[in-house]
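In what follows, a single structure is set out as structure tokens and then discussed.
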Amino acid sequence: MIKATVSDGVWPYKSKDGKLILMWSSWNADKNKAYTTSLAYSDNGKLSGNWSHKSEPIISDDRGHGNIFTTFDGKLMMSLHRYFKQPHTRIQLFDIKDTGSDIEIIKQSLGHQ
Numbered sequence: 003m004i005k006a007t008v009s010d011g012v013w014p015y016k017s018k019d020g021k022l023i024l025m026w027s028s029w030n031a032d033k034n035k036a037y038t039t040s041l042a043y044s045d046n047g048k049l050s051g052n053w054s055h056k057s058e059p060i061i062s063d064d065r066g067h068g069n070i071f072t073t074f075d076g077k078l079m080m081s082l083h084r085y086f087k088q089p090h091t092r093i094q095l096f097d098i099k100d101t102g103s104d105i106e107i108i109k110q111s112l113g114h115q
């Protein structure tokens with residue numbers, strides 16, 4: 003789990019199996035000294051549940067403030083932005099998979115690597 007000073011860019015997501023997953027961003031002072039995005043999970047599918055954090059960020063390298071959306075043709079995607087790496091602060095799009103208990107990144111489909 004990362005040591006974060008603040009969580010921001012929070013995005014709640016209800017998985018296909020009803021699991022409440024919270025995507026959040028923060029500065030990662032431990033690993034790569036960059037903005038990072040991680041996940042937390044509610045044990046009862048509600049905000050009032052006990053929360054556990056994914057042991058590693060789902061994405062680092064200065065990417066944050068993500069959200070999850072479904073395209074018009076039904077594809078699940080995550081969008082976020084690069085924070086400090088100018089001029090690459092444009093939108094980043096990723097194809098993702100809802101496993102029911104987690105979110106997995108399949109591939110980056112738009113944005114500078």
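Heads up: the sequence shown runs through residues 3 to 115, numbered per the working numbering.
Using N, Cα and C, we set each Cβ at its ideal position, and we do this for glycine too.
- Leaving aside the five residues that flank D97 on each side, the residues in its chain whose CB is nearer than 7 Å to its CB run, in chain order, K77, M79, I108, K109, S111.
- When the Cα atoms are used, G66 and G11 turn out to be separated by approximately 7 Å.
- Counting every other CB atom within 10 Å of its CB across the protein chains shown gives L41 a total of 16 or more, marking it as buried.
- Taking D100 as reference, the option from K16, S9, V8 with the minimal CA-CA separation is K16.
- Residue pairing by DSSP places E106 opposite K99 in a beta bridge.
- Taking C-beta atoms under 8 Å as the contact rule, I61 and I105 fail to qualify, at a distance of about 11 Å.
- Closest in alpha carbon position to S54, among L95, K21, I93, is K21.
- DSSP places T39 in the uninterrupted beta strand (DSSP E) bounded by 36-44.
- Here G68 is actually not in contact with R92; their C-beta atoms are around 14 Å apart, not less than 8 Å.
- Within the same chain, L22 come within 8 Å of K48 by CB-CB distance, once the 5 residues on both sides are set aside.
- It is roughly 5 Å from the alpha-carbon of Q94 to the alpha-carbon of L82.
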